[in-house]
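Numbering (this note's numbering), first residue to last: 8 to 564.
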């Protein structure tokens with residue numbers, strides 16, 4: 008998407024497959040929403056009752072939350088130790104027998120049935136089970152209450168108000184029973200408040216989590232944030248956002264999109280600018296719904312009136328250099344109506360509408376260093392510490408490298424068995440491309456070099472040659488080689504050759520801010536065909552919201 012006046016903003020976005028006339032991230036060419044003005048901008052694109060409660064009979068347990076330390080203990084009470092648990096006949100119960108006894112106990116049966124209700128979304132049966140359990144004197148625990156609160160908060164329909172009321176009655180009973188709440192308890196209670204169109208209560212519940220030593224999650228903030236945004240209460244929505252930032256909770260696209268819309272609706276141009284910047288740093292490629300909000304803002308009259316007619320060019324240049332390119336951070340520059348266009352980028356990053364070329368935005372060296380430190384801490388905490396420290400020492404002696412190769416991944420692409428021949432072809436290609444004419448670092452797990460294809464004379468010599476050249480590191484048994492090749496590539500600030508999409512939970516630990524940007528600039532992918540191998544290098548431009556000041560336009564690819 009391209010937006011122009013004297014600036015151009017490129018906004019990168021994902022488009023649903025049902026819109027063939029619009030651009031899609033998954034096509035060979037990069038597409039963009041482009042906005043033009045008379046200046047250059049480019050953008051590639053749970054809880055306690057804290058508020059006063061009037062009905063003291065209904066919410067009679069509010070004081071319990073205030074004086075929580077006198078009411079709740081922090082530890083679950085267990086009956087006897089496992090060592091002393093015995094069956095009726097005096098024989099020690101086996102682990103299987105203990106599990107069976109727990110399952111068949113009234114509490115275990117209730118848990119099983121409530122879980123089934125949760126999967127089906129059957130709130131009616133869930134409430135029936137609750138009433139039956141209370142009648143029969145079954146002791147409900149935290150899990151039971153959380154499932155019931157979840158069911159009441161998720162269901163709508165004709166009797167929705169009654170469901171919400173029953174949900175709060177269950178929450179009240181949880182307090183009376185002195186069952187300690189957790190994050191899920193508060194979140195579900197906040198959802199109940201939001202469903203009653205009371206985002207103020209939902210936010211109060213989130214704020215009271217601190218008193219119980221519970222850290223809010225991103226989902227905890229959804230009910231109050233989306234509730235305030237829906238009501239057009241921008242200032243209250245900003246309070247929720249500030250609370251999230253204070254507690255280190257990073258907003259994702261749904262939250263930023265909601266804040267962007269309410270800011271545009273109240274014509275808060277400064278907030279719109281701030282949120283576009285946050286989108287470019289954390290979300291990068293916007294979904295179609297977010298692109299629609301951006302388009303609506305740039306088409307409105309207030310956007311046309313917003314912007315400086317005169318600005319310090321030197322400060323703009325300094326801002327672009329400081330941010331690595333693609334964004335100056337000097338606010339809205341230029342006045343006049345924006346021109347909003349859906350367009351495409353060619354393979355070199357040149358806009359098909361205005362002819363501007365997108366920048367390849369540099370990554371702050373300090374960010375890379377901090378990321379390497381964080382990565383090291385994660386690896387040392389999840390892998391054998393001595394093994395990873397030994398690798399770090401080895402890397403210091405033999406590095407840096409121009410490229411790091413995920414040997415196992417590349418050797419199995421389009422192959423039935425592990426192919427050292429294919430891996431060697433990649434190594435040769437990278438060696439030829441290397442500015443220092445140095446072999447890339449190949450990372451292989453011990454199991455790959457001690458058996459199977461590795462035992463053939465040719466492959467044995469190949470491995471020995473790489474090892475003697477200081478270009479092979481074998482990760483020990485029991486280690487996860489993913490930590491090794493990723494850490495090496497980050498520390499060496501070099502290319503990483505792998506087709507691994509790095510989406511599993513291990514890589515999710517690395518966050519959604521820096522890691523995607525690093526991958527975009529450093530990951531090389533391999534394609535294999537009958538004609539041989541081909542390396543797909545990183546794009547020559549950054550697929551992110553960018554501002555260009557030569558025509559003052561904003562592009563969002």
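Virtual Cβ for every residue (Gly too), placed ideally from N, Cα, C. None of these values were measured; they are calculated from a predicted model.
Would you mind giving the Cβ-Cβ distance between residue 293 and residue 286, rounded to the nearest angstrom? I have them listed as a contact below 8 Å. The residue labelled residue 293 in the question sits at position 286 within the chain shown. The residue labelled residue 286 in the question sits at position 279 within the chain shown. That belief holds up - the Cβ atoms of residue 293 and residue 286 are roughly 6 Å apart, short of 8 Å.
Quick check: the region 383-390 against the region 420-427, are at least 3 beta-carbon pairs closer than 8 Å? With the cut-off at 8 Å, the region 420-427 and the region 383-390 do not touch.
Could you have a look at residue 362 and say whether DSSP puts it in helix, strand or coil? One-based indexing of the chain shown puts residue 362 at position 355. Note: residue 362 maps to coil in three-state DSSP.
Measuring CB to CB, does residue 398 end up less than 9 Å from residue 447? Here residue 398 corresponds to residue number 391 of the chain shown, with the count starting at 1. Here residue 447 corresponds to residue number 440 of the chain shown, with the count starting at 1. For residue 398 and residue 447, no; Cβs fall outside 9 Å.
Coil, strand or helix - residue 424 by DSSP: In the chain shown, residue 424 corresponds to position 417, counting from 1. Here residue 424 sits in coil by DSSP.
Euclidean distance between Cα positions of residue 412 and residue 368: For the purposes of this step, residue 412 is identified with residue 405 of the chain shown, where counting begins at 1. For the purposes of this step, residue 368 is identified with residue 361 of the chain shown, where counting begins at 1. Straight through space, the alpha carbons of residue 368 and residue 412 are spaced by roughly 24 Å.
Ignore the nearest five residues each way along the sequence and tell me which others in residue 402's own chain have a CB closer than 7 Å to its CB. Within the chain shown, residue 402 is the residue found at index 395, counting from 1. So the qualifying residues of the chain are 495, 498.
Nearest-angstrom Cα distance between residue 123 and residue 174? Here the question's residue 123 lines up with position 116 in the chain shown. Here the question's residue 174 lines up with position 167 in the chain shown. For residue 123 and residue 174, the distance between alpha carbons rounds to 18 Å.
Between residue 370 and residue 524, which are expected to be in contact by the criterion C-beta below 8 Å, what is the C-beta distance as a whole number of angstroms? The residue you call residue 370 lines up with position 363 of the chain shown. The residue you call residue 524 lines up with position 517 of the chain shown. The Cβ separation is near 6 Å, so the contact holds.
Which residues mark the beginning and the end of the beta strand (DSSP E) in which residue 541 is found? Indexing the chain shown from 1 puts residue 541 at position 534. Note, residue 541: beta strand (DSSP E), 539-543.
Taking the beta strand (DSSP E) that residue 288 belongs to, which residues open and close that run? In the chain shown, the residue the question calls residue 288 occupies position 281. Here residue 288 belongs to no beta strand (DSSP E), and DSSP marks it neither H nor E.
If I measure Cβ to Cβ from residue 478 and keep anything under 7 Å in the same chain, skipping five residues before and after, which residues do I get? Translated into the one-based positions of the chain shown, residue 478 becomes position 471. Taken in chain order, the residues that qualify are 446, 447, 448, 449.
Would the region 434-445 count as touching the region 459-468 if we require 3 or more Cβ pairs under 8 Å? Because the criterion of three Cβ pairs below 8 Å is not met, the region 434-445 and the region 459-468 do not touch.
Span of the alpha helix (DSSP H), counted from its first residue to its last, around residue 181: On the chain shown, residue 181 is found 174 positions in, with the first residue counted as 1. Looking at the DSSP string, the run of the alpha helix (DSSP H) that includes residue 181 is 167-183.
Looking at the secondary structure, which residues open and close the alpha helix (DSSP H) in which residue 154 lies? Here the question's residue 154 lines up with position 147 in the chain shown. Element bounds for residue 154: 149-161.
Residue range of the alpha helix (DSSP H) that residue 399 falls in? Taking the first residue of the chain shown as position 1, residue 399 is located at position 392. For residue 399, the enclosing alpha helix (DSSP H) has its first and last residue at 392-405.
Assigned secondary structure, residue 529 (DSSP; H/G/I helix, E/B strand, else coil): Here residue 529 refers to the residue found at position 522 when the chain shown is read from its first residue. The answer is helix: DSSP assigns residue 529 an H, G or I state.
Check for me: the alpha helix (DSSP H) holding residue 467 runs from which residue to which? Here residue 467 corresponds to residue number 460 of the chain shown, with the count starting at 1. Start and end: 464-475.
Under the three-state reduction of DSSP, which class applies to residue 315: helix, strand or coil? Numbered from its first residue, the chain shown carries residue 315 at position 308. In this structure, residue 315 counts as strand in the three-state DSSP scheme.
Note down the Cα distance separating residue 223 from residue 196, rounded to an integer number of angstroms. In the chain shown, counting from the first residue as 1, residue 223 sits at position 216. In the chain shown, counting from the first residue as 1, residue 196 sits at position 189. Each residue's Cα considered, the two are about 13 Å apart.
Would you mind reading off the limits of the alpha helix (DSSP H) that contains residue 300? The sequence position of residue 300 within the chain shown is 293, counting from 1. First-last of the alpha helix (DSSP H) with residue 300: 295-306.
Opposite residue 503 in the DSSP bridges: which residues? The sequence position of residue 503 within the chain shown is 496, counting from 1. According to DSSP, which records beta bridges pairwise, residue 503 is partnered with 411, 530.
Do you know offhand how far residue 105's Cα is from residue 113's? Numbered from 1 along the chain shown, position 98 holds the residue referred to as residue 105. Numbered from 1 along the chain shown, position 106 holds the residue referred to as residue 113. Whole-angstrom Cα-Cα distance: 14 Å.
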